[in-house]
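As structure tokens, the structure follows; a few thoughts come after it.
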Amino acid sequence: MPFKTFPIIGSPDRPITRSYSVSNTEVNSQAPPVVLREVSRYFGRFAALRTVNAEFEAARLYAILGENGAGKSTLLRLIAGLTPPSRGTVTLFGSEHPASVRHRLAYMAHASLLYDELDAMENLRYFAELYGMHNPGACELSLRKVGLDPLLKRRVGQYSQGMRQRLSLARALLHQPELLLLDEPFSNVDSSSAREMVRLLANARDSGCTVLVVTHQPALLESAADELVQMAAGRIVQGAKAQVNTVSPTQPSTPEVVR
Amino acid sequence: MSLAAQSPMPGPHPGLWPVLRATLAKDLRLEWRSKDAINSMLFFALLVVVVFSFSFDPTAEESRRIAGGLIWVSFLFAAVVALNQTWARELRNQVLDAYRISPAPANSLFLAKAIGNFLFVGVLEAVMAPLFLVFYNLRPIGPAWQLLLVAALATWALVVNGTFFAAISIRTRSREVMLPLILFPISIPALYSMVAATAAILAGDASPAYWMKLLAVYDVVFTTACLLLFEMVLHAE
Chain U
356 MPFKTFPIIG
366 SPDRPITRSY
376 SVSNTEVNSQ
386 APPVVLREVS
396 RYFGRFAALR
406 TVNAEFEAAR
416 LYAILGENGA
426 GKSTLLRLIA
436 GLTPPSRGTV
446 TLFGSEHPAS
456 VRHRLAYMAH
466 ASLLYDELDA
476 MENLRYFAEL
486 YGMHNPGACE
496 LSLRKVGLDP
506 LLKRRVGQYS
516 QGMRQRLSLA
526 RALLHQPELL
536 LLDEPFSNVD
546 SSSAREMVRL
556 LANARDSGCT
566 VLVVTHQPAL
576 LESAADELVQ
586 MAAGRIVQGA
596 KAQVNTVSPT
606 QPSTPEVVR
Chain L
64 MSLAAQSPMP
74 GPHPGLWPVL
84 RATLAKDLRL
94 EWRSKDAINS
104 MLFFALLVVV
114 VFSFSFDPTA
124 EESRRIAGGL
134 IWVSFLFAAV
144 VALNQTWARE
154 LRNQVLDAYR
164 ISPAPANSLF
174 LAKAIGNFLF
184 VGVLEAVMAP
194 LFLVFYNLRP
204 IGPAWQLLLV
214 AALATWALVV
224 NGTFFAAISI
234 RTRSREVMLP
244 LILFPISIPA
254 LYSMVAATAA
264 ILAGDASPAY
274 WMKLLAVYDV
284 VFTTACLLLF
294 EMVLHAE
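Shown next, in the form of structure tokens:
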């Protein structure tokens, strides 16, 4: 089923640039969506991220590349606020408090983050409630955007892996985030569906959303990505205004145990 | 028509009650479809009733003395099954992460889970209580309506702590063992009160008021503590 193109966020009557007053914390609407300063993350003695300095600008699509164990997924989880940094600071939209900006970001993980026993609409309706949205029309539209039928009553547990990925993307786009974090969204998705997903992500970017995509298929994002971010050994070695580039070509790409 | 035009920008803070309602409805729907918790609890509690009734052959008076302990210990063990299920379904497909990155209040999730468990254990008690009466030849001598109040207070005492400690133990490797290890010691004051109150009503030789008050205080103290601490537990790694 071909995807339809819908504007994702932003409209003349609802501009992207704005500021929220959340829990007495004024969030700076002009600040870059993501700024990492001296960020390290250890799991025991294992360094998954090592002194990362980076800045991701608004309304850009970043493709984050790197070998297995380079720290890509940890970087996304850290930005999403699911994993706290061991050292350094993560600033989102000018705020160091993840709770104050949670409504502005979305995360799509390796796992689907969906309930297998519910159908697609039941899943989306529940997640819409978590964002204070009570409009079932938004759920239907989000499903149609990714090429799924809102009337399909099949439980998600019976979906193919590709359908799950698309539903997972629909969940992420549901509340019109300004920062979209996607961890390998194209895995197990056929090539035409993957191209449609890329088009959706490009639309989101064009509407003002910042999109960070971890992928092992850079060719898919070749035309859409504004910047390629290369990671190796727990560091950003290229792109995203990275200020640390100390990895030599001979250094192994998998981070070592910190001694 | 654009999505932006159709749906207004969601507010930064969805309310406690709408999210609680949605989460509870979702949990009840999941349980209705899978019946994981109810079936396991019923099967376990039924085994306890039957095995104990064949192991001992108590007189009516002995039954009244031991039934309180027997009933609540079997409900406690059976409830552990449901409590583990509650969070296990949130870990499948890492759905809990979707909640953690949302602006939804942590306490909505906790209260919805606790109320859901209260209902599941309540169903268990409603089904098992007549069987206890039949198998142990029980007839309350004290005011029977007080058993309902004791059941409500005792069940909340079990599930509020159980839900909280299940959330803590869910990320540990041996969570099936970890939950009883943490939950049972902290439930001893509540367990003692519910057994004493039930025995007092069944035997009709003492007032259960003191034990019911103790249960009520236990409920208030631990519900407050769990609500204050749950956000930290939810967002802990």
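Chain order of the listed sequences is U and L. The first sequence lines up with residues 356 to 614 when you count with the numbering used here. The second sequence lines up with residues 64 to 300 when you count with the numbering used here. For each residue, glycine too, the CB sits at the ideal point set by N, CA and C.
- Counting the other CB atoms within 10 Å of its CB gives Ser467/U a total of 16 or more, which places it among the buried residues.
- Close to chain U, meaning a Cβ-Cβ distance shorter than 8 angstroms, are the following residues of the stretch 154–170 of chain L: Arg155, Asn156, Gln157, Val158, Asp160, Ala161, Tyr162, Arg163, Ile164, Ser165, Pro166, Ala167.
- Rounded to the nearest whole angstrom, the CA to CA distance from Ser270/L to Ala263/L is 6 angstroms.
- The closest CA to that of Ser497/U, considering only Gln531/U, Leu507/U, Ala464/U, Glu484/U, is found on Gln531/U.
- Under the Cβ criterion (8 angstroms, minimum of three pairs), the stretch 144–155 of chain L counts as touching the stretch 165–181 of chain L.
- Straight-line measurement puts the Cα of Arg128/L at about 50 angstroms from the Cα of Phe482/U.
- Pairing Glu410/U with Pro387/U gives a Cβ-Cβ distance under 7 angstroms.
- Put simply, the CB of Val82/L is near chain U, with a gap under 7 angstroms to one of its CB atoms.
- Apart from the 5 residues on each side of it in sequence, Trp95/L has no Cβ closer than 7 angstroms to any other Cβ in its chain.
- Counting C-beta pairs with one atom in each stretch, the stretch 184–193 of chain L and the stretch 508–521 of chain U have fewer than three that are closer than 8 angstroms, which means they do not touch.
- Using a Cβ-Cβ cut-off of 7 angstroms, Gly487/U counts as an interface residue toward chain L, since at least one Cβ of chain L sits closer than that to its own.
- Met586/U places its beta carbon less than 7 angstroms from that of Lys427/U.
- Rounded to whole angstroms, the separation of the alpha carbons of Tyr397/U and Leu433/U is 12 angstroms.
- Around Gln572/U, the same chain offers Phe541 as residues with beta carbons nearer than 7 angstroms, after the five sequence neighbours per side are excluded.
- Taking each of Asp538/U, Ala559/U, Arg590/U in turn and checking the Cα distance to Val569/U, the smallest one comes out for Asp538/U.
- Taking 7 angstroms as the threshold, the shortest C-beta distance from Ala466/U to chain L falls below it.
- Among the residues facing chain L, His452/U is not included, as its CB has no counterpart in that chain under 7 angstroms away.
- Taking the Cα of Tyr470/U as reference, the smallest distance to any Cα among Leu576/U, Ser546/U, Gln513/U is reached at Gln513/U.
- Nearest to Leu210/L by C-alpha distance, out of Pro193/L, Phe198/L, His298/L, Val223/L, is Pro193/L.
- The alpha-carbon separation between Trp150/L and Leu575/U amounts to approximately 37 angstroms.
- The beta-carbon of Lys89/L is placed less than 7 angstroms from the nearest beta-carbon of chain U.
- With respect to the 7 angstroms criterion, Glu393/U and Gly443/U are classified as neighbours on the basis of their beta carbons.
- Excluding residues up to 5 positions away in sequence, Leu133 lie with their Cβ nearer than 7 angstroms to the Cβ of Phe115/L in the same chain.
- Per DSSP, Asn200/L lies in no beta strand (DSSP E) and is assigned neither H nor E.
- Residue-level contact check: Ser97/L touches chain U, since one or more beta carbons of chain U fall below 7 angstroms from its beta carbon.
- Ranked by Cα distance from Leu555/U, the first of Pro453/U, Met518/U, Gly594/U, Ala525/U is Ala525/U.
- With its beta carbon less than 7 angstroms from one in chain L, Ala435/U belongs to the interface.
- Under a criterion of Cβ atoms nearer than 8 angstroms, the residues of chain L adjacent to Pro439/U are, in order, Glu300.
- Taking a Cβ-Cβ cut-off of 8 angstroms, the neighbours of Leu93/L in chain U comprise Tyr470, Glu472, Leu473, given in sequence order.
- Cβ-Cβ separation between Met241/L and Val213/L: approximately 29 angstroms, too far for a contact (criterion under 8 angstroms).
- Pairing Ala141/L with Phe107/L gives a Cβ-Cβ distance under 7 angstroms.
- Residue environment: Asp282/L is assigned as buried (16 or more neighbouring CB atoms within 10 Å of its CB, all protein chains considered).
- Looking at Leu431/U, Leu420/U, Met476/U, the one whose alpha-carbon comes closest to that of Val584/U is Leu420/U.
- As for any alpha helix (DSSP H) of minimum length 4 sitting wholly inside the stretch 417–459 of chain U, the runs are 427–435, ordered along the chain.
- Contacts between Ala100/L and chain U, judged by CB atoms closer than 7 angstroms, are missing: the closest CB pair is about 13 angstroms apart.
- Less than 7 angstroms divides the Cβ of Leu437/U from the Cβ of Asp160/L.
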